[in-house]
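The structure under discussion appears below in the form of structure tokens.
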Amino acid sequence: MIARMWHGAVPVEKSDAYLKLMREVALPNYRGVDGNRGAWVLHRIDGDAAHFDMLSFWDDVAAIKRFAGENHEVSYYFDFDDEFLIEKEPFVRHWTMHDT
18 MIARMWHGAV PVEKSDAYLK LMREVALPNY RGVDGNRGAW VLHRIDGDAA
68 HFDMLSFWDD VAAIKRFAGE NHEVSYYFDF DDEFLIEKEP FVRHWTMHDT
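First residue of the sequence shown: 18, per my numbering; consecutive thereafter.
Now the structure itself:
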């Protein structure tokens, strides 16, 4: 299994609206892909910025590509992200998960 982490930050005054879109649009989108094992949005306020991390788990790289496209290490963005994000980070992080 592979863990995938995406990070984004929005101005704190847009935090509630962005969190709502993450819950209503992004999470169902992630979870609706064959091979997705779960997705969660992590949220914290730090000064004037609200930070969001999307943590998702996938069967394999092929499953991630069904979600993110062939270049699966590049960040995937939704249409609404441009009006919220302070900047668009170009890449996500992946970890291979191992049993004991």
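C-beta: ideal position from N, C-alpha, C; glycine also.
Asked	Found
Pick from Phe69, Ala43, Asn88 and Asn53 that is closest to Asp77, judged by C-alpha positions	Asn53
Inter-residue CB distance, Ser73 and Arg21 (contact presumed, cutoff 8 Å)	5 Å
heavy atom of the ligand NAP below 6 Å from Gly49 C-beta	This structure does not include the ligand NAP; it has no bound ligands of any sort.
Simplified DSSP assignment, three categories, for Leu44	helix
Cβ distance (whole Å) where Pro28 is taken to contact Ala66 below 8 Å	7 Å
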